[in-house]
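Structure record follows, encoded as structure tokens.
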Amino acid sequence: MSTDDKQLDKTLNIGTEIRLAEGIKKHIKIGTIALIRQVREEMDGVAHKFSFSIGRKKWEATEEREAVDWPKVEETYKKAFNLVLVEEITEKEYGQIDQDGIAELDNLLDRFLF
Numbered sequence: 086m087s088t089d090d091k092q093l094d095k096t097l098n099i100g101t102e103i104r105l106a107e108g109i110k111k112h113i114k115i116g117t118i119a120l121i122r123q124v125r126e127e128m129d130g131v132a133h134k135f136s137f138s139i140g141r142k143k144w145e146a147t148e149e150r151e152a153v154d155w156p157k158v159e160e161t162y163k164k165a166f167n168l169v170l171v172e173e174i175t176e177k178e179y180g181q182i183d184q185d186g187i188a189e190l191d192n193l194l195d196r197f198l199f
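With the numbering used here, the residue at position 3 of the sequence shown is 88, and numbering never jumps.
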């Protein structure tokens, strides 16, 4: 990538590229204060990793834990991912994300949350 291409990407708020599955690559937006605030607001109260939420059903409250609406947690993550990615993840692409892509997504929001 040339210096001009890098400068153009920076101007367009385009950061590094991540691989989510074979043939599915996305660019991460450069974190701005506004974007960091937006991601933190969206993720407020979510205490579990993305990978832990995938495909789980709701948990009812017990003496040991609070109720958790796992489908809602997974949806919250999907919204946050699409906030920080230049090209949103389509539903079709989401279903194709592999183990390496899940690991990428598990760490994707760290730069915006911490």
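Ideal Cβ placement from N, Cα and C applies to all residues, glycine included.
Taking only three categories from DSSP, how would you classify residue i?
i       : result
Ile-174 : coil
Glu-189 : helix
Lys-164 : helix
Ile-118 : helix
Glu-107 : coil
Val-153 : strand
Glu-102 : strand
Gln-184 : helix
Taking the straight line between their C-alpha atoms, what separation do you get for residue i and residue j?
i       : j       : result
Val-158 : Ile-174 : 17 Å
Ile-118 : Leu-198 : 11 Å
His-133 : Ile-182 : 19 Å
Glu-178 : Ile-109 : 7 Å
Val-153 : Gly-100 : 33 Å
Gly-116 : Ile-187 : 21 Å
Val-169 : Gly-140 : 22 Å
Asp-185 : Asp-129 : 26 Å
Asp-195 : Glu-189 : 11 Å
Tyr-162 : Phe-135 : 7 Å
Leu-120 : Thr-147 : 36 Å
His-112 : Glu-160 : 20 Å
Along the chain, where does the alpha helix (DSSP H) that runs through residue i open and close?
i       : result
Leu-198 : 195 to 198
Using only CA atoms, which one of the options lies nearest to residue i?
i       : options                            : result
Asn-167 : Glu-102, Phe-137, Glu-145, Val-124 : Val-124
Ala-165 : Asn-192, Glu-151, Glu-149          : Asn-192
Let's test the definition: count the other Cβ atoms within 10 Å of the Cβ of residue i and tell me whether it reaches 16, buried, or not, exposed.
i       : result
Lys-142 : exposed
Glu-44  : Residue 44 cannot be examined here, being either before or after the span of the chain that is shown, 86 to 199.
Say yes only if the C-beta of residue i is nearer than 8 Å to one or more non-hydrogen atoms of the ligand HEM, and no if none qualify.
i       : result
Ile-115 : As far as ligands go, the structure on display features none, and thus does not contain the ligand HEM.
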